[in-house]
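Visitor:
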Amino acid sequence: MPEMPEVETIRRTLADKVIGQTITSVEMLLPRLIKWPSTYEFQALITKRTISSLRRRGKYLLFYFDNDTVMVVHLRMTGRIYYLASEINDDRFIRIVFKFLDGGALIYADSRTLGTLYALPSDELWRIAGLSTMGPEPLSPEFTPEYLVETLAKRRGKIKALLLNQQIIGGLGNIYVDESLALARLHPERNASTITAEEATNLYYAINQVIEQGISHGGTTFRDYRDGEGKSGSNQHHLNVYGRKNLACKNCGNLIVKTEVAGRGTHFCPHCQQ
DNA sequence: CGCTCGGCCTGTGCGC
DNA sequence: TGCGCACAGGCCGAGC
Numbered sequence: 095m096p097e098m099p100e101v102e103t104i105r106r107t108l109a110d111k112v113i114g115q116t117i118t119s120v121e122m123l124l125p126r127l128i129k130w131p132s133t134y135e136f137q138a139l140i141t142k143r144t145i146s147s148l149r150r151r152g153k154y155l156l157f158y159f160d161n162d163t164v165m166v167v168h169l170r171m172t173g174r175i176y177y178l179a180s181e182i183n184d185d186r187f188i189r190i191v192f193k194f195l196d197g198g199a200l201i202y203a204d205s206r207t208l209g210t211l212y213a214l215p216s217d218e219l220w221r222i223a224g225l226s227t228m229g230p231e232p233l234s235p236e237f238t239p240e241y242l243v244e245t246l247a248k249r250r251g252k253i254k255a256l257l258l259n260q261q262i263i264g265g266l267g268n269i270y271v272d273e274s275l276a277l278a279r280l281h282p283e284r285n286a287s288t289i290t291a292e293e294a295t296n297l298y299y300a301i302n303q304v305i306e307q308g309i310s311h312g313g314t315t316f317r318d319y320r321d322g323e324g325k326s327g328s329n330q331h332h333l334n335v336y337g338r339k340n341l342a343c344k345n346c347g348n349l350i351v352k353t354e355v356a357g358r359g360t361h362f363c364p365h366c367q368q
């Protein structure tokens with residue numbers, strides 16, 4: 095579900111609400127979502143502890159506590175995490191409730207229950223493979239045109255599959271990959287090794303632009319995504335190809351096509367993207 | 001090592 | 001209206 099712009103929006107909207115909050119108890123409605131350590135140890139590590147900062151890496155959200163513990167949350171497809179000041183809530187999919195000293199709570203909700211949570215000392219984050227092997231993120235200094243040109247040149251897979259690979263670029267998901275390829279006018283099935291340096295450079299700028307736009311619109315809400323205050327984003331109104339099957343391409347007027355590439359629903363303009 | 005595909009889960013929307 | 005099926009924003013591990 096949430097990709098980098100959505101997780102970053104959650105981080106920004108949630109930070110003020112949770113930093114300085116002390117957890118009094120953790121209500122585990124679905125304990126199997128805790129991947130590390132045991133459910134009991136997870137609760138022990140964060141109960142009576144105060145959140146000191148909230149960070150993000152790729153699609154992971156990291157809650158730092160005053161005892162150097164980090165609670166790591168990955169929302170996968172349908173996870174939601176938000177602050178609630180009162181008990182009133184009509185969310186059908188609440189799985190974990192972190193109760194705060196101030197009477198409010200941090201809610202983890204998830205319809206498909208694919209999300210994952212961890213708690214561990216900050217110097218043991220390497221245990222989470224997805225974090226330690228993640229590639230550079232869009233909009234970061236490590237993500238450069240040269241990096242993308244060189245990385246694509248030595249790969250043989252389809253460009254769409256490579257952009258979804260978090261080890262190559264951290265934070266992109268299905269929506270923003272389709273949008274980036276559309277902006278860069280690249281066909282999603284292009285073999286990465288055939289992409290020229292000029293095309294890869296264009297793709298670099300397209301990725302940054304698409305991600306920046308996603309963040310500025312507070313993320314893309316198709317169904318499940320909500321920010322840290324439970325509000326929807328608006329970037330769904332600004333997409334060029336994703337979710338626009340059989341609608342006119344905003345660039346050329348031909349119809350947007352939906353196919354399957356790398357096992358994922360894929361939207362593109364067959365006229366503009368080569 | 002690099003790449004592709006199935007599985008994990010559950011809910012929703014569409015076609016019949 | 002009811003039912004079955006395909007599909008869904010992500011990731012990991014098995015197998016080639």
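Our numbering applies: residue 95 is where the first sequence begins, and numbers increase by one.
Glycine included, every Cβ here is placed at the ideal spot set by N, Cα and C.
Are the beta-carbon atoms belonging to Gly267 and Glu102 less than 8 Å from one another?
Guide: Taking the first sequence and counting its residues from 1, one reaches residue 267 at position 173. Taking the first sequence and counting its residues from 1, one reaches residue 102 at position 8. No. Outside cutoff.
Visitor: Using only CA atoms, which one of Leu256, Leu349 and Thr288 lies nearest to Ser274?
Guide: As a first step, residue 274 must be located in the first sequence, where it is residue number 180. Comparing Cα-Cα distances from Ser274 to each of Leu256, Leu349 and Thr288, the minimum goes to Leu256.
Visitor: Give the straight-line distance between the Cα atoms of His281 and Leu169, rounded to the nearest whole angstrom.
Guide: On the first sequence, position 187 is the one that residue 281 refers to. On the first sequence, position 75 is the one that residue 169 refers to. Going by the C-alpha atoms only, they are around 29 Å apart.
Visitor: Where does Lys111 fall in DSSP's three states?
Guide: Walking along the first sequence from the start, residue 111 turns up at place 17. Correct three-state label for Lys111: helix.
Visitor: Skipping 5 residues on each side, what residues in its chain have a beta carbon closer than 8 Å to that of Trp130?
Guide: What you label residue 130 is simply residue 36 of the first sequence in a count that begins at 1. Excluding sequence neighbours, Trp130 sits near Phe136, Tyr212, Ala213, Leu214, Arg221 and Ile222.
Visitor: Can you list, in chain order, the residues of its chain whose CB lies under 8 Å from that of Val351, leaving out five sequence neighbours each side?
Guide: To locate residue 351, count along the first sequence from 1; it is residue 257. Closer than 8 Å at Cβ, skipping near neighbours: Lys339, His361, Phe362, Cys363 and Pro364.
Visitor: Considering Cα atoms alone, identify which of Gln115, Val243, Asn183 and Asn348 is closest to Leu297.
Guide: In the first sequence, the residue the question calls residue 297 occupies position 203. When each option's Cα is compared against that of Leu297, the closest is Val243.
Visitor: Is it right to say Asn348 is buried, meaning 16 or more other beta carbons lie within 10 angstroms of its own, or is it exposed?
Guide: Locating residue 348 in the first sequence gives position 254, where the first residue counts as 1. By the 10 Å Cβ count, Asn348 comes out exposed.
Visitor: Start and end of the beta strand (DSSP E) containing Tyr158?
Guide: Reading the first sequence from its first residue, position 64 is the one you call residue 158. Looking at the DSSP string, the run of the beta strand (DSSP E) that includes Tyr158 is Tyr154 to Phe159.
Visitor: Do you know how far the Cα of Leu258 is from the Cα of Lys142?
Guide: By 1-based counting over the first sequence, the position of residue 142 is 48. By 1-based counting over the first sequence, the position of residue 258 is 164. Approximately 38 Å, taken between the alpha carbons.
Visitor: Identify whether His168 lies in helix, strand or coil by the three-state DSSP scheme.
Guide: Along the first sequence, one-based indexing puts residue 168 at 74. Strand.
Visitor: How should Leu123 be labelled, buried or exposed, when 16 other C-beta atoms within 10 angstroms of its C-beta is the threshold for buried?
Guide: Counting from one through the first sequence, the residue named residue 123 turns up at place 29. Burial call: exposed.
Visitor: Are the beta-carbon atoms of Thr227 and Gln261 separated by less than 8 Å?
Guide: Here residue 227 is taken as the residue at index 133 of the first sequence, counted from 1. Here residue 261 is taken as the residue at index 167 of the first sequence, counted from 1. It is a contact, given that the beta carbons lie within the stated cut-off.
Visitor: Grab the span of the beta strand (DSSP E) containing Gly359 for me, first residue to last.
Guide: Mapped onto the first sequence, residue 359 falls at position 265. Per DSSP, Gly359 belongs to the beta strand (DSSP E) from Arg358 to Phe362.
Visitor: Decide if Asn329 is buried, meaning its Cβ has at least 16 other Cβ atoms within 10 Å, or exposed.
Guide: Within the first sequence, residue 329 is the residue found at index 235, counting from 1. Flag for Asn329 reads buried.
Visitor: Please confirm whether Gly93 and Gly209 have their CB atoms less than 8 Å apart.
Guide: In this structure the chain extends from 95 to 368, so residue 93 is not present and cannot be described.
Visitor: Using beta-carbon positions only, say whether Phe88 and Ser146 come within less than 8 Å of one another.
Guide: Because the chain here runs from 95 to 368, residue 88 falls outside it and cannot be looked at.
Visitor: Under 8 Å between the Cβ atoms of Val164 and Leu200?
Guide: As a position in the first sequence, residue 164 is number 70, starting the count at 1. As a position in the first sequence, residue 200 is number 106, starting the count at 1. Cβ distance not < 8 Å, so Val164 and Leu200 don't count as in contact.
Visitor: Confirm, please, whether the CB-CB distance from Gly322 to Lys111 is below 8 Å.
Guide: Residue mapping note: residue 111 aligns to position 17 of the first sequence, counting from 1. Residue mapping note: residue 322 aligns to position 228 of the first sequence, counting from 1. In this structure, Gly322 lies closer than 8 Å to Lys111 by Cβ.
Visitor: By how many angstroms is the C-alpha of Val304 removed from the C-alpha of Asp318?
Guide: By one-based count along the first sequence, residue 318 stands at place 224. By one-based count along the first sequence, residue 304 stands at place 210. Distance between the alpha carbons of Asp318 and Val304: 20 Å.
Visitor: Would you check if the distance between the CB atom of Leu108 and the CB atom of Tyr176 is smaller than 8 Å?
Guide: Working through the first sequence from its first residue, we reach residue 108 at position 14. Working through the first sequence from its first residue, we reach residue 176 at position 82. Yes.
Visitor: Tell me the DSSP secondary structure of Asn302 in three-state form.
Guide: One-based indexing of the first sequence puts residue 302 at position 208. The answer is helix: DSSP assigns Asn302 an H, G or I state.
Visitor: Report buried or exposed for Gln367, applying the criterion of at least 16 other Cβ atoms within 10 angstroms of its Cβ.
Guide: By one-based count along the first sequence, residue 367 stands at place 273. Looking at its Cβ environment, which holds 16 or more other Cβ atoms inside 10 Å, Gln367 is buried.
Visitor: At which residues does the beta strand (DSSP E) containing Pro235 begin and terminate?
Guide: Against the first sequence, residue 235 aligns to sequence position 141. It is not in any beta strand (DSSP E) - Pro235 carries neither H nor E in the DSSP assignment.
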